[in-house]
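Engineer: Residue numbers (the working numbering): 21 to 661.
Spelled out as structure tokens, the structure:
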């Protein structure tokens, strides 16, 4: 299931998303792609001497102590009788040196670990703020955000994406809003023909941003003012209640605190007195070792002293690298990778939010129409009357009176030219065809052929206008499902034929298969009110027969909007059942009583009685169609009913 913003899908659509889509597919990237190990080690660590090793930094002191040891051995062997000292002095000196190195190394690693935790806290706050902004920047009473409000939302999310980059550059003293490296590395890169400008980072920052780093204001702190201002505006727009806005500001405060803790690590090095004393103690210990070993080991003192010095200076060198963990050393925190992974992650969220925002703005609660991105088009009724006169259209206009992106146009589904005009420049179309013309009875089976004509016209117009995503309300083919037993359920089979045409002719098609309409139960062939006031529901099925139900005036539009939000890359060639909880016909009557307070019962009737009622109300040509549909419902397994 893709990301969800402000409007959760119905449970059925959620199940479809999780069972049909392969949510374990890996595409061009994956979480932590930059900060995780890219490939396995080719050599055991014991054989590593260059990449990631400390050898280069300690080679000079090890060499100098080896030379000094060689000089002491030479003097002891060829010049003086002895220059050696008692070896008992080594343990006492070793304890002092060991304690100093343990303190140094542990302190440095704590700084490294605290720096990494600070970066994690910062990224966590960014995630929380992005999630809250993306899912809550909407007020159902005011309608979808306007274009300026959407720009404000996107700008704020992009600023949150930029904050890890800004913190990284700030901790490295690389001043300048859109520069990756500092001036010292800049000279080297320019000399080698490299580039300094990072367009990805620069594009995240607000247009026309003026930094004040030359005046002493850090860019990360400056960017937090944009976030705080957005929280205030969101509260005034009714997007965030006061407790929610307070929580967001708490997240922003935590983000600033994490940035401050990393800044403390950067600006508080080890005390210079400790560093001086440690260097001097190491050097003196290395100079005393040859005198304590020369008498017992002779020339073997050179490699032994070198090994000891290599170990001690190596530990000290590791501590030196970890002291400032935000730089470019191989053992430092992967700041560039962490910032890049954070951007990649939020890029996906932002892309999903854009898609959702456009689709929901254009299609919310709309039973049928064409999606232009900035226009919402509603076709007219089947009889060709003006779309502006349609009840649904009037309700939609009344709900969003100030939405300048919403435009209603008319189209006659039996007039291809009007459909071409309506679908022109459309990205997506949601279509539904009806088996009956308003105000007309179905006297012969051929009277339902107009449904195929309407479907053909809609498909031709969609194809001519290069519609990229076609969504339609359809039904299964009962002739095929029943293996020819029920071959006259035309209002099912005609829709299935149109769906087949669409899948063959259009690039991306998604279909909806709704259940039984609640609204049909008010028709004369389904119910009547007795003289005693009891509402009597009836149909040629048993009362215990389970069926799926749906409210066509609301549910289908919500599903269509969600499918456009997901996009064809997720819904291509899929079929979604639009159904609510299963109810028996007897339970339907019981719930009617519970909700309305009016007594209701369900009484099964015979197919002949049913057919006569249908013929008198809908038309003789519809009788066999509806009889076979009810026969199918009666014999279909409950899981398919």
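Even for Gly, the Cβ is constructed at its ideal location relative to N, Cα and C. Here the structure is a predicted model, which is why all the values come from computation and not from measurement.
Tell me, to the nearest whole angstrom, how far the beta carbon of residue 247 is from that of residue 179; I am working on the premise that it is less than 8 Å.
Structural biologist: As a working mapping, residue 247 is identified with position 227 in the chain shown. As a working mapping, residue 179 is identified with position 159 in the chain shown. At roughly 6 Å, the Cβ-Cβ gap stays under 8 Å, so residue 247 and residue 179 are in contact.
Engineer: Go ahead and pull the three-state DSSP assignment for residue 448.
Structural biologist: Locating residue 448 in the chain shown gives position 428, counting from the first residue. Residue state, collapsed to three classes: strand.
Engineer: State the beta-bridge partners of residue 488 as determined by DSSP.
Structural biologist: Stepping through the chain shown from its first residue, residue 488 is reached at position 468. In DSSP, residue 488 forms no bridge with anything.
Engineer: For the putative contact between residue 85 and residue 325, defined by C-beta atoms under 8 Å, what is the C-beta separation to the nearest angstrom?
Structural biologist: Mapped onto the chain shown, residue 85 falls at position 65. Mapped onto the chain shown, residue 325 falls at position 305. About 6 Å separates the two Cβ atoms, so the contact holds.
Engineer: Per DSSP, what are the beta-bridge partners of residue 623 in this structure?
Structural biologist: Locating residue 623 in the chain shown gives position 603, where the first residue counts as 1. Answer is 558.
Engineer: According to DSSP, is residue 226 part of a helix, a strand, or is it coil?
Structural biologist: On the chain shown, position 206 is the one that residue 226 refers to. It is coil, neither helix nor strand.
Engineer: Quick one: using the 10 Å Cβ neighbour count with 16 as the cut-off for buried, is residue 262 buried or exposed?
Structural biologist: The residue labelled residue 262 in the question sits at position 242 within the chain shown. Counting Cβ neighbours within 10 Å, residue 262 comes out exposed, since fewer than 16 surround it.
Engineer: Does residue 514 pass the burial test, meaning 16 or more other C-beta atoms within 10 Å, or should it be called exposed?
Structural biologist: Here the question's residue 514 lines up with position 494 in the chain shown. It is buried - the Cβ of residue 514 has at least 16 other Cβ atoms within 10 Å.
Engineer: Distance, Cα to Cα, residue 544 vs residue 619?
Structural biologist: Along the chain shown, one-based indexing puts residue 544 at 524. Along the chain shown, one-based indexing puts residue 619 at 599. The straight-line gap from Cα to Cα measures roughly 18 Å.
Engineer: Is residue 255 near residue 265, with beta carbons less than 8 Å apart?
Structural biologist: Along the chain shown, read from residue 1 onward, the residue named residue 255 stands at position 235. Along the chain shown, read from residue 1 onward, the residue named residue 265 stands at position 245. The answer is yes: Cβ separation under 8 Å.
Engineer: Quick check on this structure: which residue in 588, 599, 586 has the alpha carbon closest to the alpha carbon of residue 575?
Structural biologist: In the chain shown, residue 575 corresponds to position 555, counting from 1. Residue 575 has its Cα closest to that of 599, out of 588, 599, 586.
Engineer: Tell me the rounded alpha-carbon separation between residue 156 and residue 366.
Structural biologist: For the purposes of this step, residue 156 is identified with residue 136 of the chain shown, where counting begins at 1. For the purposes of this step, residue 366 is identified with residue 346 of the chain shown, where counting begins at 1. Each residue's Cα considered, the two are about 16 Å apart.
Engineer: Just tell me which of 258, 560, 434 has its CA closest to the CA of residue 654.
Structural biologist: What you label residue 654 is simply residue 634 of the chain shown in a count that begins at 1. That would be 560, whose Cα lies nearest to the Cα of residue 654.
Engineer: Looking only at its own chain, which residues have a Cβ that is under 7 Å from the Cβ of residue 286, when we skip the five neighbours before and after it?
Structural biologist: Numbered from its first residue, the chain shown carries residue 286 at position 266. Closer than 7 Å at the Cβ level, and outside the excluded window around residue 286, lie 191, 344, 346.
Engineer: DSSP beta-bridge partners for residue 527?
Structural biologist: To locate residue 527, count along the chain shown from 1; it is residue 507. The partner list for residue 527 (beta bridge, DSSP) is empty, contrary to what the question assumes.
Engineer: Suppose the cutoff is 8 Å on Cβ atoms and the five residues either side in sequence are ignored; what does the same chain contact list for residue 512 look like?
Structural biologist: By one-based count along the chain shown, residue 512 stands at place 492. Hits under 8 Å: 495, 496, 497, 498, 649.
Engineer: With a Cβ-Cβ cutoff of 8 Å, do residue 304 and residue 332 count as a contact?
Structural biologist: What you label residue 304 is simply residue 284 of the chain shown in a count that begins at 1. What you label residue 332 is simply residue 312 of the chain shown in a count that begins at 1. Result no, Cβ atoms of residue 304 and residue 332 do not sit closer than 8 Å.
Engineer: Along the alpha helix (DSSP H) that carries residue 131, what are the first and last residues, could you check?
Structural biologist: Your numbering for residue 131 matches position 111 in the chain shown. Start and end: 109-156.
Engineer: Using 8 Å as the threshold, is the C-beta distance between residue 534 and residue 572 below it?
Structural biologist: Working through the chain shown from its first residue, we reach residue 534 at position 514. Working through the chain shown from its first residue, we reach residue 572 at position 552. Against a cut-off of 8 Å, the Cβ pair of residue 572 and residue 534 comes out as a contact.
Engineer: Beta carbon of residue 362, beta carbon of residue 146: below 8 Å?
Structural biologist: In the chain shown, the residue the question calls residue 362 occupies position 342. In the chain shown, the residue the question calls residue 146 occupies position 126. Going by C-beta atoms, residue 362 is nearer than 8 Å to residue 146.
Engineer: Using 8 Å as the cut-off, can you tell me whether the region 525-540 makes contact with the region 581-591, which would need three or more C-beta pairs spanning the two stretches below that distance?
Structural biologist: Taking 8 Å as the limit for Cβ pairs, the verdict is that the region 581-591 does touch the region 525-540.
Engineer: Does the separation of the CB atoms of residue 503 and residue 644 fall below 8 Å?
Structural biologist: Here residue 503 refers to the residue found at position 483 of the chain shown. Here residue 644 refers to the residue found at position 624 of the chain shown. No, the pair does not count as a contact, with Cβ atoms beyond the cut-off.
Engineer: Are three or more beta carbon pairs between the region 350-360 and the region 111-126 nearer than 8 Å?
Structural biologist: Flag = no, the region 350-360 and the region 111-126 do not touch.
Engineer: Can you say whether residue 555 is buried or exposed, counting buried as having 16 or more other CB atoms within 10 angstroms of its CB?
Structural biologist: As a first step, residue 555 must be located in the chain shown, where it is residue number 535. Answer is buried; the Cβ neighbour count reaches 16.
Engineer: In whole angstroms, what separates the C-alpha of residue 140 from that of residue 586?
Structural biologist: Position 120 of the chain shown, counted from the start, is the residue given in the question as residue 140. Position 566 of the chain shown, counted from the start, is the residue given in the question as residue 586. Each residue's alpha carbon lies about 30 Å from the other.
Engineer: Drop a sphere of 10 angstroms on the beta-carbon of residue 172, count the other beta-carbons inside from all chains shown, and report buried for 16 or more, exposed for fewer.
Structural biologist: As a first step, residue 172 must be located in the chain shown, where it is residue number 152. It counts as buried.
Engineer: So residue 501 and residue 439 are supposed to be a Cβ contact under 8 Å. How far apart are they, rounded?
Structural biologist: By one-based count along the chain shown, residue 501 stands at place 481. By one-based count along the chain shown, residue 439 stands at place 419. Not confirmed; about 31 Å, so no contact.
Engineer: Which of helix, strand or coil does DSSP assign to residue 645?
Structural biologist: In the chain shown, the residue the question calls residue 645 occupies position 625. In this structure, residue 645 counts as helix in the three-state DSSP scheme.
Engineer: Do residue 492 and residue 442 count as a contact pair if the criterion is CB distance below 8 Å?
Structural biologist: As a first step, residue 442 is located in the chain shown; it is residue number 422 there, counting from the start. As a first step, residue 492 is located in the chain shown; it is residue number 472 there, counting from the start. Contact: no.
Engineer: Please list the terminal residues of the continuous beta strand (DSSP E) segment that includes residue 549.
Structural biologist: Numbered from 1 along the chain shown, position 529 holds the residue referred to as residue 549. Looking at the DSSP string, the run of the beta strand (DSSP E) that includes residue 549 is 547-549.
Engineer: Might you give, ordered along the chain, the residues of its own chain that have their beta carbon closer than 7 Å to the beta carbon of residue 516, omitting 5 neighbours on each side?
Structural biologist: Here residue 516 refers to the residue found at position 496 when the chain shown is read from its first residue. Around residue 516: 494, 495, 496, 497.
Engineer: If you draw a straight line from the alpha carbon of residue 321 to that of residue 116, how long is it in whole angstroms?
Structural biologist: Residue numbering aside, residue 321 sits at position 301 when the chain shown is read from its first letter. Residue numbering aside, residue 116 sits at position 96 when the chain shown is read from its first letter. Their Cα atoms are separated by approximately 22 Å.
Engineer: Taking the alpha-carbon positions, what's the residue 384 to residue 578 distance?
Structural biologist: Taking the chain shown and counting its residues from 1, the one referred to as residue 384 is at position 364. Taking the chain shown and counting its residues from 1, the one referred to as residue 578 is at position 558. Per-residue confidence for residue 384 stands at a pLDDT of 44, beneath the threshold of 50, marking its modelled position as unreliable; the derived number appears in the next sentence. The alpha-carbon atoms of residue 384 and residue 578 are separated by roughly 7 Å.
Engineer: Compute the Euclidean distance between the alpha carbons of residue 238 and residue 166, then round it to the nearest angstrom.
Structural biologist: Here the question's residue 238 lines up with position 218 in the chain shown. Here the question's residue 166 lines up with position 146 in the chain shown. Taking the straight line from one Cα to the other gives about 33 Å.
Engineer: Report yes if the CB atom of residue 314 is closer than 8 Å to the CB atom of residue 104, and no otherwise.
Structural biologist: As a first step, residue 314 must be located in the chain shown, where it is residue number 294. As a first step, residue 104 must be located in the chain shown, where it is residue number 84. Yes, the pair counts as a contact, with Cβ atoms nearer than the cut-off.
Engineer: Near residue 403, what residues of its chain come up, given a Cβ to Cβ distance below 7 Å and the 5 sequence neighbours on each side ignored?
Structural biologist: Residue numbering aside, residue 403 sits at position 383 when the chain shown is read from its first letter. Low local confidence applies: a pLDDT of 39 at residue 403 is under 50, so the model's placement there is unreliable, and no value is given.
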